[in-house]
Amino acid sequence: MDRREIEERVEKLLEPILKDLGLSLYDVEWLSSGRHNYLRVFIDKPGGVTVGDCERVSQEIGDILDVEDFIHVSYYLEVSSPGLTRELKKPRHYLKSIGELVKVVLKEPVAGRKELEGIIKDADEDGFILFLEEADEWIPYEIVAKAKLLFR
């Protein structure tokens, strides 16, 4: 099973459980680093996530993954908030971040630059509008190398 399959399967298992707990799933990452594997689960809720939320979710996830038993290598489970300067990876992340200040690194230039800072004005399944001082720019997700919220 590859990284993407693990992440997608974990997402499908966790979304309804987290909803019942009053939380939402922000992202799932499967990382391999040397001899170690990490399953990172990022949770969110209005007003922010507490350490207690992370502990409860970690226990729930551990129990479910033990029963489902589809990850056949040892790994470390990490549960946390995505943080104030969270990465934006999926269209839903951009939709939830309308009105927020972001830094975007692009694969190809927009408005003559590959690094932009601006406010997300709107977003859909294909891309987002970034408000820059000089103009609004439409940015398709396929040219985004990295995007994250900036703390202000």
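Using the UniProt record's numbering, the letters of the sequence shown correspond one by one to residues 1 to 152. In this text, a Cβ means the ideal position worked out from N, Cα and C, and glycines have one as well.
Residues near residue i by beta carbon distance below 8 angstroms, same chain, minus five either side
i   : result
K45 : G22, L23, S24, D53
I98 : I120, K121, D122, A123
Nearest residue (CA-CA) to residue i, options the options
i    : options               : result
L39  : L18, Y75, P16, V57    : Y75
D63  : D124, E133, V10       : V10
M1   : D69, E60, E117, D27   : D69
P16  : T85, Y141, V57, E5    : V57
K90  : H36, Y141, L149, G34  : Y141
R4   : K19, L18, D20, V28    : V28
R35  : L18, V73, I6          : V73
R152 : E100, S33, V105       : E100
E60  : E87, K19, A147, K114  : K19
D66  : D126, F128, L13, L116 : L13
Distance between beta carbons of residue j and residue i, contact taken as under 8 angstroms
i    : j    : result
R132 : A111 : Here residue 132 is Leu; the residue named in the question, Arg, does not match the sequence. With 8 angstroms as the limit, L132 and A111 qualify as a contact, their Cβ atoms being about 7 angstroms apart.
I139 : L149 : That belief does not hold up - the Cβ atoms of I139 and L149 are roughly 15 angstroms apart, past 8 angstroms.
A147 : V104 : 5 angstroms
Sequence-distant residues of its chain with Cβ nearer than 6 angstroms to residue i (five each side left out)
i   : result
L31 : Y38
Contact test: residue i Cβ vs the ligand PLP heavy atom, cutoff 7 angstroms
i  : result
D2 : For the ligand PLP, the structure offers nothing, since it holds no ligand at all.
Chain B within 8 angstroms of residue i, Cβ atoms only
i    : result
V104 : Looking at the structure shown, chain B is missing, and only one protein chain is on hand.
- Task: Spell out a yes or no on whether the stretch 77-95 and the stretch 35-50 are touching, meaning 3 or more CB-CB pairs, one atom from each, closer than 8 angstroms.
- Result: Judged by Cβ distances under 8 angstroms, the stretch 77-95 makes contact with the stretch 35-50, as three or more pairs qualify.
- Where are the beta strand (DSSP E) runs, 3 residues long or more, that stay fully inside the stretch 37-93, in chain order? Counting only runs of 3 or more, we get 76-80.
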